[in-house]
Each structure stands twice: as structure tokens, then as C-alpha cells.
Amino acid sequence: MSSATPGPRPTPSPQPAPSVWGDEAAGVAAVLAWAAYRVGRSTDPLTTARPADELEELIGGSITPDGLGSMRALSMFTDIVVPATRSQDDPMNLAYVPSAPTRSAAAFELATAASNIFAGLWEAGAGAIHAENQVLAWLAEQLGWPATAGGCFVAGGTLGNLSALAAARHAAQDRRTAAGLPRDPAGGWAIACTADAHSSVRSNARVMGVDVITVPGDHRGRLTGAALAPVLDAHHERICAVVATVGTTNAGLVDDLAGVTEHCRAHDIWLHVDGAYGGAGLLAPGLAPLYTGIEHADSFIVDPHKWLFAPYDACALVYRRPELAKAAHQQTASYLDHVDRHEWNPADLAVHLSRRPRGLPLWFSLVTHGTDRYRVAVERCMEIAHTVADDIRRRPELRLVVPPDLTVLLFERRGWTAEQYAAWSREQALAGRVLCVPTRWQDEPVLRLVFVNPDTDPGLVSDVLDTLGG
Ligand SMILES: *Cc1c(COP(=O)(O)O)cnc(C)c1O
Numbered sequence: 000m001s002s003a004t005p006g007p008r009p010t011p012s013p014q015p016a017p018s019v020w021g022d023e024a025a026g027v028a029a030v031l032a033w034a035a036y037r038v039g040r041s042t043d044p045l046t047t048a049r050p051a052d053e054l055e056e057l058i059g060g061s062i063t064p065d066g067l068g069s070m071r072a073l074s075m076f077t078d079i080v081v082p083a084t085r086s087q088d089d090p091m092n093l094a095y096v097p098s099a100p101t102r103s104a105a106a107f108e109l110a111t112a113a114s115n116i117f118a119g120l121w122e123a124g125a126g127a128i129h130a131e132n133q134v135l136a137w138l139a140e141q142l143g144w145p146a147t148a149g150g151c152f153v154a155g156g157t158l159g160n161l162s163a164l165a166a167a168r169h170a171a172q173d174r175r176t177a178a179g180l181p182r183d184p185a186g187g188w189a190i191a192c193t194a195d196a197h198s199s200v201r202s203n204a205r206v207m208g209v210d211v212i213t214v215p216g217d218h219r220g221r222l223t224g225a226a227l228a229p230v231l232d233a234h235h236e237r238i239c240a241v242v243a244t245v246g247t248t249n250a251g252l253v254d255d256l257a258g259v260t261e262h263c264r265a266h267d268i269w270l271h272v273d274g275a276y277g278g279a280g281l282l283a284p285g286l287a288p289l290y291t292g293i294e295h296a297d298s299f300i301v302d303p304h305k306w307l308f309a310p311y312d313a314c315a316l317v318y319r320r321p322e323l324a325k326a327a328h329q330q331t332a333s334y335l336d337h338v339d340r341h342e343w344n345p346a347d348l349a350v351h352l353s354r355r356p357r358g359l360p361l362w363f364s365l366v367t368h369g370t371d372r373y374r375v376a377v378e379r380c381m382e383i384a385h386t387v388a389d390d391i392r393r394r395p396e397l398r399l400v401v402p403p404d405l406t407v408l409l410f411e412r413r414g415w416t417a418e419q420y421a422a423w424s425r426e427q428a429l430a431g432r433v434l435c436v437p438t439r440w441q442d443e444p445v446l447r448l449v450f451v452n453p454d455t456d457p458g459l460v461s462d463v464l465d466t467l468g469g
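Residue numbers for the sequence shown follow numbering that gives the first Met the number 0, beginning at 0 and rising by one.
What follows is the structure, encoded as C-alpha cells:
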């Protein structure tokens, strides 16, 4: 590393004045000041959604021919828009999968936006793409993949899964073509996964026009090699990809990767690993046995906005063989012919062209804090989950319904109905004590807690569990 810069640079000039936009300086300063204030503060757990008609009453008619000025616009945002949203980074938001960015990552989201980099193609985004690639290379190293692996950041796990599955199908089609077979098999292509794979896998299958073959899960719903084997034996001609999940969204369970990879390799079928939430667990040395086999997968996603302490929205998508993704996704057109595509082009590797370098907030925070701090933070979330799980086990009125693999806890309050869970959940949310939303486990209503925020205090969670007592 060197601090040398390539020659003297001109001092950037201010925006030309007069501009068609007039003088925006005061508005810019106010917006940046609010952003700085927000990044440095804890969040308000009482903020919540409101009906559109109420919102329209408050900020309706705000888009006018003459404009209202930046101060009015900003106060609408701070006083009405933001309070009508949920605090994803509140330490007591334990619902769905929340998001707990480091302050460095959140602040760097602003720097990323301010630099307005087109990071679809190397020609326009080289420096930013290179920095993002450092993060992807670090992830590939955690996966135990070769240095030739690579990918790009996309908006979310849904788009990451779609891009990977489309690449898998394209690779399967090319292989049939090379073997002198029709491009598509009799009966059409299919993806194999369990019922507990993320909903985006099924919606992506619809987008792609392929079938989903549901493999029965084990007693915890996990995909196993034993259940996958007969499905691959029967349908291997049609299956272009198997999707394994490391950290199911509902229960945080990790599929039997070792068994699954063995059978995918035997049939030479693409294995996509969906780690949108649980991919972060790769960083915790104690969890390594759960991830054994991942070194053989063909594609992988993890959402930094879930358990990797980055703000919305970012999904890291990594391919073992990026050239196969390029074959599927590269866009060509006369207006793109003259683009110098040397080095690395994220636009070639997923369903997108224009993109901002949304991996930079994670890059900045990783460079700032170092990878050890990330391991500590992931392990801290595991400790919190273990502490709360033990707390639940000690309470006779509660029961963990499934042994957790990662940081999702599913538990029941003995004797409660779905209506009682819903009423309790609403009451806690309105009081700003905790966001804990019920789900179902094996057709029974249960409560669900997700820990992705290392600043969550298990003592406060214990106080919340007290309200479920007696
Ligand atoms: C959240 C999630 C997704 C979808 O990710 P988005 O970023 O919300 O699009 C996919 N798979 C799993 C396992 C998830 O938990």
C-alpha cells in the first residue's frame, strides 16, 4: 500500500453559478447536518407505519410547480416521513431480519452517494469496483473458494438469487448445446430446494419460467443429502440448480451442506448457497462445522444489510466461475461496443447495468474496523441468542420449538392462540419495548426473535419475556 497519488490534481471547483437550480448550498448543508445527526444517534423504537391517507393529509400537495424550498422539504422528511417508518437498527427490533449497520458504514453510504460513481463498468468505476472486489475476495476466502472467484454487489438477496440461478441455467444450457443436445431438456428446467428456501427462490423461478421441485426437509425442515439424492437421480436432466440455505429466514437453520454438495458434485449440478441472512455466520470460527461443504458450491449470496452490519441495500453475490455468469448476463449493444471492458465489469455478472457501488459502505467499515472486529460482532450476536435461548428454556411457560443453529429463536407461550400472540406483539410494539412478530412453525403459531445487532441487551429481552409469564 502506498499513499502516493498520481500527480497533482486540480482543486475541485464548486458547482457553476448561476445554475439553473439556483443556490442550493443552504439546503445541502441542512441535509448533511441532519444526516450527521441521525448517524450518530440511537433510534426511536416508537416510529411506525401510518395509513397513506393520514400521510397524504400531512404532506399531500408537496410537489408543486414553484417548489417549497429545501427547508420545508427537509422538515417534511424529518418530522413526517421518517417517523412513519420502522427503526430497523433499533437494538430491540428483533423482527423479520432487521439491520444494524456500523456508524462508519451508515456514514459512508452518504460518501458513496455524494461521489455519484457509475460502477457498472470498469471504465467508469474502476477504483470503486476494485474496492468492492476486495470485499468479495475476502468473502470468497471465507468460503474457501479459489482466487479466481468473483462477483458483484446487487440490491438484495432476491436479485442475487435470480442472477445466480439464471447463470446456472445458462451454464446448463451451454453444456447441453456443447454435447449436441437440444438447449432445453424435455419437460423444461427446474430448480430443487426445500419448502423452507426463501420465497424469492419460487418467485425467481416464475420470472425464469422454470419449475421448482420441492425436496422434503428433515425433521427441522433442512435440506439433506439423503433427501436430495433420489430427487437428483430421478430428475437430474431437468435440474439446473440446487438451492441450499445457510440460515433459513424463518428459523435460521442451516441445510446439510456436506451431504448436499456431495450429491450435486456426483451429478455435476450447480449448487447455489443462499446465505442472505446466515452467510455472516461464516465469520464465527465456532460455527465452521455448519458450513462444511460450502467450499464446493458454485454461487453464494450474503446480504450485508442483514447480519454484516451495513445499511440498505446490498447483497454480495459471488460466483466460483464468474465467466459463466458473464456468459449469461453480459449486455451488448452498439452504444456499449466502445466501452473499454478491461478488468472487471459488475454489469456483466447480474441482472443490472447502471449501478452505484453499494458495496463501498461495507468496504469502508471493514477497512476501518478490521475483520477481527467483524468476527467479534457476529459471535456477540450468537452469544446474545444463546443467552436468550437459555432464558427461554428456564421458563416453564415458554418452550423453544426448534434447536437454533444461528441467531433466530422460535418459541411458544404454552396455551396461547394466534390471536393472543398477535395482541401481545402489537402491545409491545406500541409501547416501544420490543418488535417481536409471530410466525408459524410446523403449522403452529409461535414467537420469533432474530439477533443481528451486537448492541442488543439480553437483560432487556429478559424483561420482555417476563411479560409473557403466568
Ligand atoms: C432476506 C432473504 C432473501 C431476500 O433478500 P432481500 O435482500 O430481501 O431481497 C433471500 N434469502 C434469504 C435466506 C433471506 O433471508
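Even glycine gets a Cβ: it sits at the ideal position worked out from N, Cα and C.
**Item:** Cβ distance (whole Å) where Ala-384 is taken to contact Phe-450 below 8 Å
**Value:** 5 Å
**Request:** Report the residue ranges of all beta strand (DSSP E) runs contained in full by the region 398-447; include only those spanning at least 3 residues, in chain order.
**Result:** Listed in chain order, the beta strand (DSSP E) elements of length 3 or more contained wholly in the region 398-447 are 407-412 and 438-440.
**Contacts around Leu-231, its chain only, beta-carbon distance under 6 Å, and the 5 residues preceding and following it disregarded** = His-262 and His-266
**Message:** Could you compute how far the alpha carbon of Thr-244 sits from the alpha carbon of Gln-87?
**Reply:** C-alpha separation (whole angstroms): 23 Å.
**Whole-angstrom distance between Ala-32 and Asp-347, CA atom to CA atom** = Roughly 37 Å separates the two Cα atoms.
**Request:** If I'm right that Leu-409 touches Arg-447 with Cβ under 8 Å, what's the distance once you round it to whole angstroms?
**Result:** Contact annotation, Leu-409 with Arg-447: C-beta distance approximately 5 Å; criterion of less than 8 Å satisfied.
**Item:** Local Cβ density within 10 Å of Pro-11, reported as buried at 16 or more and exposed below that
**Value:** exposed
**Local conformation of Asp-462 per DSSP, three classes** = DSSP places Asp-462 in helix when its eight states are reduced to three.
**Item:** Rounded C-alpha distance that separates Tyr-334 from Gly-458
**Value:** 59 Å
**Asked** In terms of alpha-carbon separation, which member of Asp-297, Gly-179 and Cys-380 lies closest to Glu-322?
**Response** Glu-322 has its Cα closest to that of Asp-297, out of Asp-297, Gly-179 and Cys-380.
**Request:** Would you decide whether Glu-55 is buried or exposed? Buried here means 16 or more other CB atoms lie within 10 Å of its CB.
**Result:** exposed
**Item:** Nearest neighbour of Glu-342, chosen from Thr-367, Thr-147, Ala-279 and Tyr-311 [CA to CA]
**Value:** Thr-147
**Request:** Go through the region 273-336 residue by residue and report every complete run of the alpha helix (DSSP H) that reaches 4 residues or more, in order.
**Result:** Listed in chain order, the complete alpha helix (DSSP H) runs (minimum 4 residues) inside the region 273-336 are 303-306 and 321-328.
**Asked** Beta carbon of Val-301, beta carbon of Gly-278: below 9 Å?
**Response** yes
**Request:** Write down the C-beta distance between Phe-117 and Ser-353 rounded to the nearest angstrom, noting that I regard them as a contact closer than 8 Å.
**Result:** The beta-carbon distance between Phe-117 and Ser-353, rounded to whole angstroms, is 6 Å. This is short enough to meet the 8 Å contact definition.
**Asked** Taking the runs of the alpha helix (DSSP H) that are 4 residues or longer, which of them lie wholly in the region 14-43?
**Response** Complete alpha helix (DSSP H) runs here, min 4: 24-38.
**Request:** Just tell me which of Pro-310, Pro-345 and Ala-388 has its CA closest to the CA of Ala-327.
**Result:** Pro-345
**Message:** Classify Met-0: buried if its beta carbon has 16 or more other beta carbons within 10 angstroms, exposed otherwise.
**Reply:** Reliability fails at Met-0, whose pLDDT of 48 lies under 50, so the model's placement of it is uncertain and no value is given.
**Request:** Examine chain C for any beta-carbon lying closer than 9 Å to the beta-carbon of Ala-240, and answer yes or no.
**Result:** The displayed structure is made up of one protein chain only, and chain C is not part of it.
**Asked** Would you call the CB atoms of Ala-196 and Thr-247 closer than 9 Å?
**Response** yes
**Message:** Please tell me whether, using a cut-off of 8 Å, the distance from the CB of Leu-307 to the nearest non-hydrogen atom of ligand 1 is below it.
**Reply:** no
**Request:** Go ahead and pull the three-state DSSP assignment for Val-451.
**Result:** Coil.
**Message:** Considering only heavy atoms of ligand 3, does any lie closer than 8 Å to the CB of Gly-216?
**Reply:** Judged by which ligands are present, ligand 3 is missing from the structure shown, whose ligands are ligand 1.
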